[in-house]
Amino acid sequence: MTLRIGNASGFYGDRFDAMREMLTGGDLDVLTGDYLAELTMLILGRDRLKDPAAGYARTFLRQLEDCLGLAHERGVKIVTNAGGLNPAGLADAVRALADRLGIPVRVAHVEGDDLTAARPHSLAAHAYLGGFGIAACLRAGADVVVTGRVTDAALVTGPAAAHFGWKETDHDRLAGAVVAGHVLECGAQATGGNYAFFRDGDVRRPGFPLAELHEDGGCVITKHPGTGGFVDVGTVTAQLLYETAGARYAGPDVTARLDTVRLGQDGPDRVRIEGVRGEAPPPTLKVGLNKLGGFRNEVVFVLTGLDIEAKAALVREQLEPALGKAADVRWELVRTDRPDAPSEETASALLRLVVRDPDQEVVGRALSGAAVELALASYPGFHVLAPPGKGSPYGVFEEVYVPHGAVDHVAVLHDGRRVPVPPAADTAVLDEVPEPPLPEPLPPGPTRHAPLGLVAGARSGDKGGNANVGVWARTDDAWRWLAHELTADRFRQLIPESRPLKVTRHALPDLRALNFVVEGILGAGVADRHRFDPQAKALGEWLRSRHLDIPEALL
């Protein structure tokens, strides 16, 4: 007995027609859509400030207007976290849409994640719920299930638990579904999107992934025939490492052991996942707190040609009097210029100024006016990429933890009945997994100074203020070298920005992979826009571009 679960959205703003593609491209039992991220919750929180009836992903409704009839005709259940901060509001909107279209569907929703009232200084405070509320809705006959903040994997664990009759103590089965859900949650990232070795296939328009899930928790990751992109062990490995850390991947339903995952190519565009073991979930739930941190303004000065350092020093000295009151002032000189450049762009460097303060006036007119007044009175060739604005609010993300019992997890069924979802009865405190044995190192031999990316892939992302960088080898010999060469200290050498920070390395030998967590590199989270790449999306590619002495036998 196989449950086919597909994905049609990896974020709020993903490809609009993916829902139709997934419904028409092949057989499905359940179609999921992941619309939420840390930044999305902040965006929806600001929407709700303007309109208390808002707070959900409106794109989903527009997609459903085109596709609800298709899903009903084909018997496909739809499960989505597009409810965001207002799942009840979105469920009502879906019912109104179905009535208007004359489509008889049963709509349920899950609530209880919203803890904002208990955190009055937060714009949005939401616990990450598991999948058993979704399962209760589906078992009662729902065709569409809308949730707020659940874990990304819950969109798969819920339907799987409902379909196969799993209980909370079926840890291995649930862990298999969590792994499948983690692979699906970012959509096309599992089918060649954002993939280090993207030239291995045609990724101009990758299709969206689906999982053929089995009763024992194993699955095959694939995609509809004829869609773009490709699915192989590498694309699945990359997504498994994305925004994870060590061997234990904890969630509200189960803790999945990533060090037990075994991958195998099962045919073209088919990767089998098996062997996943699970443990009881931790005794606490993660709660994401989104707050307004103050106001932020930015101006980027373009410095062209000669005397770049002196030009930067001049404009900094000229602006210092206007920046005296700001709580946080950051200058960054990016040397994109080249000597004797063939174009003006390549002859130019960028001087970036970012100012933050609780008072919008301090970062707004005071800065903007001072910067604009320099237009005819500063360095030769003065211009900026864009005029500075009046200052915009920025967000701060923080995670805290509460006991399972602190959350009123409720499945609101299509007929209005409210079914409480009990907290996990069996929990286990997370402990560090002992460092696994590493393979024998490669024997000594000639080396060549070359980019790491010639022998290893990487994918990186954000978790609050931390970044993770997953690195994997494509062959056993490359793994033998990588496991011993790319230590936490070597990572710090290659990524100078990480040197003053805590860097933790986790080894996952069955995936031939290392996962690095760099604490604090993203400041207070993506909405803080602390660095040039605020979500660390390209941190892995920067690492792959760095040069090491690599054995010639691997090149």
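Residues 30 to 584 in the working numbering are what the sequence shown lists, from first letter to last.
Beta carbons: idealized from backbone N, C-alpha and C, even for Gly.
Since the model is a prediction, treat every value here as computed from it, not as a measurement.
Where the alpha helix (DSSP H) through residue i begins and ends
i, result
"LEU144", "No alpha helix (DSSP H) holds LEU144; DSSP gives it neither H nor E."
"PHE89", "87–103"
"LEU287", "It is not in any alpha helix (DSSP H) - LEU287 carries neither H nor E in the DSSP assignment."
"ASP518", "517–523"
"ARG4", "One cannot answer for residue 4 here, as it falls past the ends of the chain, which runs 30 to 584."
"GLY113", "Segment: none, GLY113 is in no alpha helix (DSSP H) and carries neither H nor E."
Given residue i as reference, the closest of the options once Cα atoms are compared
i, options, result
"THR273", "ALA66, VAL283 and LEU287", "LEU287"
"PHE193", "THR180, ARG381 and MET30", "MET30"
"TYR64", "GLY177, ALA137, GLU402 and GLY141", "GLY177"
"ASP231", "ASP282, ALA125 and GLY257", "GLY257"
"GLU244", "VAL185, LEU32, GLU67 and HIS433", "LEU32"
"THR333", "GLY549, GLY420, PHE411 and THR476", "PHE411"
"THR266", "GLN218, PRO81 and ASP229", "GLN218"
"PRO311", "THR88, VAL290, TYR423 and VAL458", "VAL458"
"ARG228", "PHE259, LEU568 and GLU548", "PHE259"
"ASN319", "SER372, THR220 and GLY424", "GLY424"
"SER397", "SER407, ARG447, PRO409 and VAL384", "VAL384"
"GLY170", "ASP578, PRO475, VAL441 and PHE520", "VAL441"
"THR69", "GLY104, ALA111 and PRO449", "ALA111"
"THR220", "PRO422, ALA206, LEU203 and LEU239", "LEU239"
"LEU25", "PRO116, LYS106 and ALA125", "No information on residue 25 is available, as it lies outside the stretch 30 to 584 that the chain covers here."
"ASP455", "ALA120, HIS200, PHE330 and TRP501", "HIS200"
"PRO449", "GLY434, VAL462 and TRP360", "GLY434"
"ARG103", "GLU461, ASP491 and LEU60", "LEU60"
"GLY323", "LEU213, VAL429, ALA356 and ARG49", "ALA356"
Beta-carbon proximity check, residue i vs residue j, cutoff 7 Å
i, j, result
"LEU584", "LEU515", "no"
"GLY113", "GLY84", "yes"
"GLY255", "PRO235", "no"
"VAL136", "HIS443", "yes"
"LEU57", "GLY35", "yes"
"TYR224", "THR264", "yes"
"ARG534", "ALA517", "yes"
"ALA182", "HIS211", "yes"
"GLY552", "GLY493", "no"
"ILE302", "VAL185", "no"
"GLY554", "GLU67", "yes"
"ARG509", "PRO470", "yes"
"ALA370", "ALA378", "no"
"HIS576", "PRO475", "no"
"VAL532", "ARG521", "yes"
"PRO422", "LEU343", "no"
"GLY420", "GLN389", "yes"
Straight-line Cα distance separating residue j from residue i
i, j, result
"GLU427", "ALA47", "32 Å"
"GLU374", "ALA565", "25 Å"
"VAL305", "ARG345", "55 Å"
"ALA127", "GLU94", "8 Å"
"ASP386", "LEU78", "21 Å"
"ALA542", "GLY486", "9 Å"
"LYS196", "GLY62", "24 Å"
"LYS315", "HIS438", "14 Å"
"ALA156", "ASP142", "5 Å"
"THR313", "SER151", "20 Å"
"GLY54", "GLY317", "36 Å"
"PHE45", "ALA341", "44 Å"
"LEU292", "GLY247", "10 Å"
"ASP298", "ARG277", "28 Å"
"LEU496", "ALA309", "The question names Leu, but residue 496 is Ala in the sequence shown. Whole-angstrom Cα-Cα distance: 26 Å."
"SER527", "ILE550", "7 Å"
"GLU464", "LEU348", "51 Å"
"LEU352", "GLY393", "11 Å"
"LEU52", "VAL547", "39 Å"
"ASP506", "ARG325", "48 Å"
"ALA100", "ALA206", "23 Å"
Start-to-end residues for the beta strand (DSSP E) that takes in residue i
i, result
"GLN294", "291–294"
"THR109", "106–109"
"HIS478", "476–480"
"PRO580", "576–580"
"GLU308", "306–308"
"LYS320", "313–333"
"LEU467", "Counting along the chain, LEU467 falls outside any beta strand (DSSP E), and DSSP gives it neither H nor E."
"ARG277", "277–279"
"THR456", "THR456 -> no beta strand (DSSP E), and no H or E assigned at all."
"LYS492", "485–492"
The ligand ADP heavy atom lying under 6 Å from the CB of residue i
i, result
"ASP455", "Summarising the ligand content, the structure contains no ligands, and the ligand ADP is consequently not present."
> Residue ranges of each alpha helix (DSSP H) run of no fewer than 4 residues wholly in the region 404–447, ordered along the chain?
Replying inline: Qualifying alpha helix (DSSP H) stretches: none in this window.
>> In chain order, what are the residue ranges of uninterrupted beta strand (DSSP E) at least 3 long that sit wholly in the region 200–261?
In response: Within the region 200–261, the beta strand (DSSP E) runs of at least 3 residues that lie entirely inside it are, in chain order, 238–243 and 248–252.
> Along the chain, which unbroken stretches of the beta strand (DSSP E) at least 3 residues long are found entirely within the region 46–80?
Replying inline: Assignment of beta strand (DSSP E) within the region 46–80, counting only whole runs of 3 or more residues, yields 59–62 in chain order.
> What are the start and end residues of each continuous alpha helix (DSSP H) run of 4 or more residues lying completely inside the region 121–202, in chain order?
Replying inline: If you keep only unbroken alpha helix (DSSP H) runs of at least 4 residues inside the region 121–202, you get 161–168 and 183–193.
> For the region 332–412, which segments carrying the alpha helix (DSSP H) assignment without a break, of at least 4 residues, lie completely within its bounds, in sequence order?
Replying inline: Look at the region 332–412 and you find these whole runs of alpha helix (DSSP H), each 4 residues long or longer: 337–352, 389–392 and 394–401.
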